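Heads up: the sequence shown at position 41 corresponds to 41 in the numbering used here, and the numbers run straight through without jumps. Okay, structure first, notes after.
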Amino acid sequence: MAIKKCSSKKVTFKISAPTAKDVRLAGDFNSWDSSSISLKKSKDGVWGRDLTLKSGRYEYKYLVDGQWQRDPLNSLFTVNTFGSENSVIEL
């Protein structure tokens, strides 16, 4: 019997949004559920959250005060079926 090793990695998601009231994260890793992952705001206006993800390729976006936004710190992206852009992370 072959045993498949599935490694996981800690990933820190961050976005600067000093005037935002609410920032959330959605992507392939949570079935695009924009209500399940809230980010926390630091004193300098940067919102962040650590997640542990299995190795693979994931598309994601931030939801900043109800507006979808690609990750400005990540140059990797793809065009989704709606014609907008999703950020991409590969682990």
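The C-beta atom is built at its ideal place from N, Cα and C for all residues, glycine as well. Quick caveat: nothing in here was measured; it's all calculated off a predicted structure.
Enumerate in chain order the residues of its own chain whose CB-to-CB distance from residue i is below 8 Å, with the five nearest sequence positions on each side excluded.
i	result
Asn-74	Ser-87, Val-88 and Ile-89
Asn-80	Glu-59 and Asn-86
Can you name the start and end residues of the beta strand (DSSP E) that residue i belongs to?
i	result
Ser-87	85-90
Asp-50	46-54
Ile-15	8-16
Arg-70	It is not in any beta strand (DSSP E) - Arg-70 carries neither H nor E in the DSSP assignment.
Phe-77	77-79
Leu-63	57-64
Cutting at 6 Å between CB atoms, please list the residues of its own chain near residue i, excluding the five before and the five after it.
i	result
Ser-55	Ser-7 and Leu-91
Phe-13	Leu-25 and Arg-49
Would the C-beta of residue i count as close to the ligand ATP, meaning under 8 Å from any of its heavy atoms?
i	result
Thr-78	Inclusion of the ligand ATP in the displayed structure is not the case, the ligand content being empty and no account of it being possible.
Residue i and residue j look like a contact to me (Cβ under 8 Å); what is the Cβ gap, rounded to whole Å?
i	j	result
Val-11	Leu-51	5 Å
Considering Cα atoms alone, identify which of the options is closest to residue i.
i	options	result
Leu-25	Leu-53, Phe-77 and Trp-68	Trp-68
Ser-16	Asn-30, Lys-61 and Gly-45	Gly-45
Phe-29	Lys-43, Lys-9, Lys-41 and Ala-20	Lys-9
Thr-19	Lys-43, Ser-36, Phe-82 and Ser-35	Lys-43
Asp-22	Lys-41, Phe-13 and Asp-71	Lys-41
Identify, in the order they occur along the chain, each residue of the same chain with its Cβ nearer than 7 Å to the Cβ of residue i, setting aside the five sequence neighbours on each side.
i	result
Trp-32	Ala-26
Phe-77	Arg-70, Glu-85, Asn-86, Ser-87 and Val-88
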